[in-house]
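Residue numbers (the numbering used here), protein chains in the order written: chain W, 37 to 380; chain F, 43 to 280.
Data first, discussion second: the structure below is written as structure tokens.
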Ligand SMILES: Nc1ncnc2c1ncn2[C@@H]1O[C@H](COP(=O)(O)OP(=O)(O)OP(=O)(O)O)[C@@H](O)[C@H]1O
Ligand SMILES: [Mg+2]
């Protein structure tokens with residue numbers, strides 16, 4: 037006697053990008069704060085102050101797009117499987133090492149591995165869901181948390197064993213090239229914008245767009261949305277929910293992997309590199325609303341900006357401080373996420 | 043076993059975890075029939091339907107669809123084979139619009155078939171066309187029930203399993219639901235109907251089964267059951 041398992045918990049997967057007007061208000065407020073900073077801080081009188089402010093703004097925006105992408109993967113997994121995958125960041129690290137091996141060892145251009153690494157990580161994610169996560173699907177939330185946490189430790193230590201703690205990086209020969217009249221790194225008002233950061237932002241948005249289209253237009257995407265809204269309902273219209281869960285975990289992991297590939301050219305890689313992404317994407321997913329994919333993208337950009345601009349406003353503190361202040365405030369004031377729970 | 047049996051349950055045991063609810067349940071549904079399954083609260087009606095729909099796997103016994111075993115198939119497989127359930131709690135996609143819910147109902151169907159079914163469902167329930175853009179969760183209980191039936195019809199079932207479609211509806215709407223069942227029958231869809239409203243159900247059904255504590259207690263034509271003393275005493279309060 038066994039229950040075929042479709043729980044009837046009603047999910048809240050939301051797969052449309054919807055930017056509430058207040059988001060622009062927040063962005064504006066951040067910019068105003070920044071402007072004020074240039075006027076009150078010691079540096080303000082010098083042109084260097086404005087440059088630093090502009091640098092924070094661009095760096096925050098560009099990295100925020102990538103944060104958003106990572107969080108979209110995590111939110112997707114939560115929306116469909118209702119598990120919080122604490123190994124999301126570790127998968128991202130694993131993807132970065134994969135790309136590092138392909139680039140440094142095999143000699144493939146790091147950006148070309150966008151065609152390889154996410155695909156392999158999709159398979160890894162799908163396999164992990166099938167073998168490790170799925171047996172725990174009916175279990176209490178704590179068990180699932182512990183399980184994915186253990187998984188992340190396992191991955192980190194395996195990477196440590198395989199690659200040691202030595203920091204790794206990939207080199208882009210063309211990072212300082214010029215395309216037509218545009219010279220990289222870009223200089224805008226004294227701020228320096230490196231090519232890899234621009235590629236990461238644009239690439240991140242492109243992958244995000246592809247994910248939105250896939251979820252909202254394709255047949256499998258339709259099945260994913262159905263499963264993310266009502267598992268029993270989905271199975272009653274003919275969706276193979278078990279298979280969709282495997283697929284979704286793979287897809288969420290592949291999205292994190294794509295983000296890993298995109299950031300590798302401007303980060304140094306260690307077995308714990310993914311930890312910060314893990315924490316941030318957790319914060320972003322709560323901020324954007326659990327299971328709200330569009331909210332994750334917008335939330336990612338907001339957190340990127342908050343982190344960099346906050347870093348200026350609270351000098352000497354961890355950049356995570358302002359992020360956590362926002363996180364805790366959200367949990368208290370609007371635990372359903374800033375983007376208004378179910379309403380679109 | 044009669045030859046044109048669409049569905050056969052033979053000595054089926056099923057339940058939840060360690061709790062066995064169904065004890066050797068046997069029943070047959072012929073193609074084209076409306077068969078009723080009546081019984082008190084907790085008798086195992088929903089459990090029976092969930093087992094047929096593949097949401098529960100029987101621990102013993104046979105379930106055959108047109109002579110082929112379907113034990114172990116998931117609900118999605120059964121939908122593809124034409125067995126579609128209107129669940130007791132409807133299981134709609136609350137955050138989606140009425141239209142989107144209907145489209146989801148045709149998940150296993152081609153775009154052409156979907157368009158055709160959509161016209162038919164709109165004809166059966168005009169409100170679903172009027173309210174196409176309304177979110178399912180904001181519809182009234184009766185409207186949601188129509189949507190649940192409509193969504194199930196979008197899958198083009200051969201066997202429609204209906205779990206208490208009249209539950210919680212005003213008398214006028216209950217009459218509508220039974221009229222709907224008649225119309226569904228007239229399109230050639232076989233119906234296995236679970237209801238509390240035994241009198242009305244047995245009047246509508248060709249045949250019926252009475253389930254008690256997970257066991258089939260009585261069976262017969264609707265009229266026979268309506269006339270039986272047991273049924274009159276237990277379910278009709280006569
Ligand atoms: N998910 C479940 N887990 C454990 N026991 C369950 C579950 N669902 C139903 N049961 C038990 O199985 C028995 C039969 O329940 P079932 O829902 O099949 O009854 P029913 O005939 O549909 O009743 P009702 O008319 O109230 O809908 C009941 O004793 C019930 O408590
Ligand atoms: Mg019931």
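Even for Gly, the Cβ is constructed at its ideal location relative to N, Cα and C.
Every value quoted in this text rests on a predicted model; they were computed, and no experiment measured them.
Under DSSP, residue 139 of chain F takes part in a beta bridge, and its partners are F/177.
The continuous beta strand (DSSP E) containing residue 67 of chain F extends over residues 61–72.
When C-beta atoms of the region 91–108 of chain F are compared with those of the region 132–141 of chain F, fewer than three pairs fall below 8 Å, so the two segments do not count as touching. Not a single C-beta of chain W is nearer than 8 Å to the C-beta of residue 173 of chain F. Shown here, residue 55 of chain F sits in a strand according to DSSP, grouped into three states. Under the 10 Å beta carbon count, residue 178 of chain W is surrounded by fewer than 16 other beta carbons and is classified as exposed. For residue 254 of chain F, the shortest separation between its Cβ and any heavy atom of ligand 2 does not lie below 7 Å.
Against residue 266 of chain W, the close residues of chain F are 133, 134, 135, 136, in the order they occur along the chain (beta-carbon pairs closer than 8 Å). Taking a beta-carbon distance threshold of 8 Å, residue 220 of chain F does not count as an interface residue toward chain W.
Pairing residue 281 of chain W with residue 161 of chain W, the inter-Cα distance amounts to about 11 Å. Among the residues facing chain W, residue 256 of chain F is not included, as its CB has no counterpart in that chain under 8 Å away. Contact note: residue 276 of chain W reaches chain F through 116, 118, using a C-beta cutoff of 7 Å and chain order. Residue pairing by DSSP places residue 250 of chain F opposite F/78, F/262 in a beta bridge. Neighbourhood of ligand 1, defined by CB distance below 5 Å to any of its heavy atoms: F/58, F/63, F/83, F/84, F/85, F/86, F/87, F/88, F/89, in chain order.
Contact with chain W is absent for residue 85 of chain F, since none of that chain's Cβ atoms lies less than 8 Å from the residue's Cβ. Restricted to the region 240–301 of chain W, the alpha helix (DSSP H) segments that are unbroken, complete and at least 4 residues in length are 255–265, 267–272, 277–299, listed in chain order. Under the three-state reduction of DSSP, residue 204 of chain F is assigned to strand.
Along the region 143–168 of chain F, the alpha helix (DSSP H) occurs as fully enclosed runs of 4 or more residues at 153–166, listed in sequence order. Under a criterion of Cβ atoms nearer than 8 Å, no residue of chain F is adjacent to residue 205 of chain W; the nearest Cβ is some 44 Å distant. Rounded to whole angstroms, the separation of the alpha carbons of residue 65 of chain F and residue 50 of chain F is 15 Å. Under the Cβ distance rule, residue 251 of chain W does not count among the residues neighbouring chain F, no pair being separated by less than 8 Å.
Non-local beta-carbon contacts of residue 56 of chain F in its own chain, meaning distances under 7 Å to residues more than five positions away in sequence, involve 63, 64, 89, 93, 98, 100, 101 in chain order. Contact with chain F is absent for residue 263 of chain W, since none of that chain's Cβ atoms lies less than 8 Å from the residue's Cβ. Buried is the label assigned to residue 136 of chain W, since at least 16 other Cβ atoms lie within 10 Å of its Cβ. For residue 127 of chain F, the uninterrupted beta strand (DSSP E) run begins and ends at 125–128, by DSSP.
Not a single C-beta of chain F is nearer than 8 Å to the C-beta of residue 243 of chain W.
For residue 228 of chain W, the closest of W/158, W/258, W/174, W/93 by C-alpha to C-alpha distance is W/93. A direct Cα-to-Cα measurement between residue 203 of chain W and residue 75 of chain W gives close to 39 Å. Using a Cβ-Cβ cut-off of 8 Å, residue 259 of chain W is close to 149 of chain F, given in chain order.
If the five residues before and after residue 257 of chain F are omitted, its C-beta is found closer than 6 Å to the C-beta atoms of 65, all from its own chain and listed in chain order. Residue burial is scored here from C-beta neighbours: residue 262 of chain W has at least 16 other C-beta atoms within 10 angstroms and is therefore classed as buried. By the neighbour-count criterion, in which a residue is buried when 16 or more other Cβ atoms sit within 10 angstroms of its Cβ, residue 197 of chain W is exposed.
Out of F/189, F/197, F/182, F/146, the CA that lies nearest to the CA of residue 212 of chain F is found in F/182. Annotated three-state conformation of residue 162 of chain W is helix, per DSSP. Straight through space, the alpha carbons of residue 73 of chain W and residue 63 of chain W are spaced by roughly 15 Å. Residue 309 of chain W: member of the alpha helix (DSSP H) spanning 309–324, first to last residue.
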